[in-house]
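Order-wise, the sequence lines are chains A and B.
For the first sequence, this note's numbering gives the first residue as 984, with consecutive numbering after it.
For the second sequence, this note's numbering gives the first residue as 29, with consecutive numbering after it.
Built from N, CA and C at the ideal position, the CB exists for glycine as well.
I have placed the structure first, in the form of structure tokens, so that the comments after it can refer back to it.
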Amino acid sequence: MSENEDIPVGSEGGQPHTQVGGVHRKVDAMERMRGVTRYTDDLKLPRMLHAKIKRSPHPHAKILSIDASAALAMPGVHAVITGKDLPEPYGIIPWTPDETALCVEKALHVGDGIACVAADDEDTANEALEKIVVEYEVLEPLFDPEQALEARDNPINPYSQKGNLSKKVLLEFGDVDATLEQSDLVVEADYFFEGTTHAAIEPHCALAHVETNGILTVWSATQVSHYLHRELAKVLGLPANRIRVIQPPLGGAFGGKSEPFDLEFCVAKLAVMTGRPVKLLYTREEVFYAHRGRHPMKMKYRTGFTKDGKITGVDAKTILDGGAYSSFGLVTTYYSGQLLCAPYGFDAYRFHSKRAYTNKPACGPKRGHGSVQPRFAIECQIDKAAEQLGLDPIDMRLHNDIGADTATVNGFKVGSNGFSECLRRVRSSSVWDSKRKELPYGRGVGVAGSTYISGTNYPIYPNDMPQAAVQITLDRSGRARIFSGANDIGQGSNTMLAVITGNELGLPLDDIRVLSADTDLCPVDLGAYSSRITLMVGNACVEAAQKLRRLVCEAVGKRWEIPRKRVTLAQGQAIDREDPERNVPLAEAFVWAESDNGLLAATGSYNTPKDRHGDYRGGTIGASPAYSFTAHVAEVEVDPMTGVVDVKTIWVAHDCGRALSRKIVEGQMEGSAYMGFAEAIMEQHVVDPGHNGVHPGPSLLDYRIPTFLDTPELEALIVESPDAQGPYGAKEAGEGPLHPSIPAIANAIYDAVGIRMDSLPFTPPRVLAALQARAQRERAGDHSPHKPNTHGAGRIA
Amino acid sequence: MQLAIEPHHTLLEVLRYQLDLIGSKQGCDKGDCGACTVQIDGKPALACLTLAAHAEGREVSTVEGLGDAHGGCHPLQDAFDRHDAAQCGFCTPGILLSADALLRARARPVSRQEVREALAGNLCRCTGYTKILDAVVDASEVMHGTDDAPKSGTKEAAQ
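Structure representation (structure tokens):
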């Protein structure tokens, strides 16, 4: 309810913040809890057919022939398509179109799509898949990225220009070799981050239907309807204005639904062919093979320090295991280096990242795209340096804080920065100082920091149009309707738009209707990725709502014969600021404004500032209008007998600029910290080379994700350092707080039992092996015992 | 209600496809995620692992009926709404059914640890579970008062 004097955006005319910064019931939650929300698989159309995809059992094979005649002859089977029906290559990144809707000549991983059947029901479709005969010539699979890079005579992806090298980036800022040479301490280590997957509880699903007016409508569980719209037009060879994409309410995404998948093209093509609605729902197994999750990365880091703990320079070499297709890999390869240059300032940096094709499900973006892996490495490096220099790890991070209104070594402009405040909050909430001193052997605390982008300065395909746009109309019954292309994937973006509109127009959220992610009804938005929606769509929404507020206040002022700026809108009323007894319900104020102006509608657009990136090739990739900052402290208990790491609590302090809706922000922080914890302790998305590249457990039982009982206490501590670029100062909150969980846990394990876990995940066998290795070194006299004066249980002698 | 069903159809298939009761969700179709949790004779059951024929003569409750005895909105639903305990909401119907069974069985305010144990079969990928724990404990206190709450209160002390 307080006014914020510092932030120009949203405070024009002294409009009170009646919504921003509060706690809200989400605009669309209650219908979800009553079980009436229609997610994609809940849609059912008359005469709807069901589709299923036949998938490759081989990790690498040439397709010699496909005979679908027996399947087509079955009663209840309506159509079968293969790769040849949709041969146009596409890619979410326009520079790397290296996949097709279904395989045309080769299958590149187990689970690659070969053919698709539309039938009366799923059982018939599944039966028909069995009758499709595919003749393959099996090729040698490559599962290791380094081996793949060397195998020049065995290129995996037929569209690749450079064999199995998917992307290479080498950038250097300052003189890294000389800087490291002159440093008091250089820490050198190898890290391995195993890949993980999103595991949203809703499987991918799509439904397509050609309406009687000839418009192909595709409903899809996607988080990027606009890009799906573009790629559908390209692959189907239809003009974009003949296609409508609708994203129904979505059951989680986390990056796993941020590009087109085979099912969307297949249902669209089959709907065109059969003239009937066609739906396809992935099985959970198919979701695992569709993947596009976090890249495995092998990282070699050399980091220089002065003896008082200042980071001098970083030299990073990274191999990314990309899987069979590019997906977002071009961006991932840049992000693996570009996002490392805050929250710590240093003057010399070199990174050399190479992404390889392998015969595995393709990797792509998962929450914290491309930067979670290097963050793990650098935060462990800093912890090692702190120990060797005898410094407190939080003090050392405070000492290296890059600060506000500055630029990173790679040329990104940083605005607001609450990192030091984040560190102070976790230090005090976790009682860090006494725990570092007093916790016995087997228990420990660790800290880590991070930064993340609030959207990217440039869209995926170059254009000069706005990156976000919102249209709002006001209704003479006293309601607002917001039209936005943004994808609400559960993160609450529809509610965010309602909060902003409610704040600007004095409306309760109940009187605001948000219509989103329908390409026929809504302005284009680029989608839910790179944590862009609050900042970008939020700014566009502020602009549209403020235009309407001016019209409404003008009309009221005219009737009361007072200046527009004396009128404020709050609690469903227009009020005279100087005589609050004089007020009128908003519905009436809207009628006055509509009488004066005609239909009350306004648009807002947002485009990024173009002067906040580095001036070199690739210098725009990873640059953002504003950066969030995060610090975590994790407390763990390690059982030296079993190697089990029990994470007790993670304190999560996150600078989101300004929390527009506090519980929703906390929920993003908690969900992020949980997901990082999961990657640290239990998750690994791998295929088994010993079994022909199959996924060893493509289910939510075998791919273990944390339950209520596994998940630690998560203490969300909101830090607000408003940024001039964000709406009311807001920055992102949904991805940054994932990053520090992993290194904070690694560093806490070291504090507990004195072992460095440089490979993920920290499973009991790995922890035990590291404990035994340490015990051996202690016996050999190379190490003194860890925490020798405490009596922790089960110390390995 | 009487219904002719395919003998091999699961309860989830019959609920979703025959009766259009779409509130029970399919997340894995093999009993791993809990999104399809319903109640059979008042006890939580996985509809995807239950043959529909098994429900003959039994009382099956789904999320659509949860608010019926509470003027349309069960205190759990209200608490989830206040705490923003549903993000994408896909796991929520199943979690509500498991939580309702717990609250009816205890008939008193519950502790966070009790909730964790009762809901361990329901996966949520969005929330980190924190807001769900807040909401279930809160709803139990709304329904039963806080006088006889377990000693640990609404939030366990950090360990």
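(message) Counting only C-beta atoms, is B/I33 closer than 9 Å to chain A at any point?
(response) no
(request) Compare the C-beta of A/R1213 against all C-beta atoms of chain B and say whether one is closer than 9 Å. (result) no
(message) When you compare the CB positions of A/I1036 and A/I1097, do they come within less than 9 Å of one another, or not?
(response) yes
(message) One question on the structure: do A/I1361 and A/V1297 come within less than 9 Å of each other, judged by their Cβ atoms?
(response) yes
(message) So, at 8 Å on beta carbons, what are the nonlocal neighbours of A/T1266 in its own chain, with the 5 sequence-adjacent residues on each side left out?
(response) P1186
(request) Give the interface partners of A/D1622 over in chain B, defined as CB-CB distance under 8 Å, in chain order. (result) Those do not exist, as A/D1622 stays about 15 Å from chain B at its closest Cβ, beyond 8 Å.
(message) Residues of chain A with CB closer than 7 Å to the CB of B/C56, please, in chain order.
(response) R1267, S1682, L1683
(message) Under 9 Å, Cβ to Cβ, is there at least one residue of chain A near B/K71?
(response) no
(message) Would B/S52 pass as an interface residue toward chain A - the criterion being a Cβ-Cβ separation below 9 Å?
(response) yes
(request) Determine the extent of the alpha helix (DSSP H) in which A/V1159 is found, giving its start and end residues. (result) 1159 to 1165
(message) Please confirm whether A/D1493 has its beta-carbon closer than 9 Å to some beta-carbon of chain B.
(response) no
(request) Look at A/I1516 and A/N1590 and say whether their C-beta atoms are less than 9 Å apart. (result) no
(message) Quick check on the DSSP output: what are the complete beta strand (DSSP E) runs of length 3 or more inside the segment 1375 to 1452 of chain A, in order along the chain?
(response) 1426 to 1436
(request) Specify the secondary structure class of A/G993 as computed by DSSP and reduced to three states. (result) With a pLDDT of 39 at A/G993, under the threshold of 50, the modelled position of that residue is not reliable, and the figure given next carries that caveat. Coil, per DSSP.
(request) State yes or no: is the beta carbon of B/A148 nearer than 9 Å to at least one beta carbon in chain A? (result) yes
(message) Determine whether the beta carbon atoms of A/F1126 and A/Y1686 lie at a separation below 9 Å.
(response) no
(request) Answer yes or no: does any C-beta atom of chain A fall closer than 9 Å to that of B/V138? (result) no
(request) Would you kindly report the start and end of the unbroken alpha helix (DSSP H) that includes A/D1671? (result) Per DSSP, A/D1671 belongs to no alpha helix (DSSP H) and is neither H nor E.
(message) If distances are taken between C-alpha atoms only, which option among A/V1218, A/D1095, A/A1538, A/K1420 comes closest to A/E1269?
(response) A/D1095
(message) What does the alpha-carbon distance come out to for the pair B/D162 and B/L151?
(response) 16 Å
(request) Counting only the same chain and skipping the five closest in sequence on each side, list residues whose C-beta sits under 8 Å from that of A/A1044. (result) K1089, A1090, Y1119, E1120, V1121, L1122
(request) Within the same chain, show all residues whose beta-carbon is closer than 6 Å to that of A/T1079, passing over the 5 residues directly before and after it, in chain order. (result) S1309, L1313
(request) Could you please give the first and the last residue of the uninterrupted beta strand (DSSP E) stretch that includes A/C1099? (result) 1096 to 1102
(message) Strictly by DSSP, which residues pair up with A/W1575?
(response) Note: A/W1575 sits in no beta bridge, so no partner.
(message) So, under 8 Å CB-CB, A/G1234 and A/Y1022 are touching, yes? Tell me the CB distance rounded to an integer number of Å.
(response) 5 Å
(request) Take the Cβ of A/Q1321 as the centre, count every other Cβ of all protein chains shown within 10 Å, and call the residue buried at 16 or more, exposed below. (result) buried
(request) Please list, in chain order, all residues of the same chain as A/R1459 whose beta carbon is under 8 Å from its beta carbon, the five residues on each side excluded. (result) A1570, F1573, V1574, E1577
(request) Check whether the Cβ of B/H172 lies closer than 9 Å to any Cβ atom in chain A. (result) no
(request) Compare the beta carbon distance of B/Q67 and B/A129 with 9 Å and say whether it is the shorter of the two. (result) yes
(request) Have a look at A/D989 and A/Y1441 and give me their C-alpha separation to the nearest angstrom. (result) Low per-residue confidence applies at A/D989: pLDDT is 38, beneath 50, and the placement is therefore not dependable, though the value from the model is reported in the following sentence. Each residue's alpha carbon lies about 28 Å from the other.
(request) Starting from A/M1013, trace the alpha helix (DSSP H) both ways and give me its first and last residue. (result) 1012 to 1016
(request) Please list, in chain order, all residues of the same chain as B/I33 whose beta carbon is under 8 Å from its beta carbon, the five residues on each side excluded. (result) V42, Q46, A80, A81
(request) Identify the contact partners of B/D60 in chain A, using a Cβ-Cβ distance below 8 Å as the criterion. (result) R1267, S1682, L1683, L1684
(message) To the nearest angstrom, how far is the alpha carbon of A/T1107 from that of A/E1133?
(response) 45 Å
(request) Express the C-alpha separation of A/F1176 and A/D1366 in angstroms, rounding to a whole number. (result) 17 Å
(message) Classify A/Q1554: buried if its beta carbon has 16 or more other beta carbons within 10 angstroms, exposed otherwise.
(response) exposed
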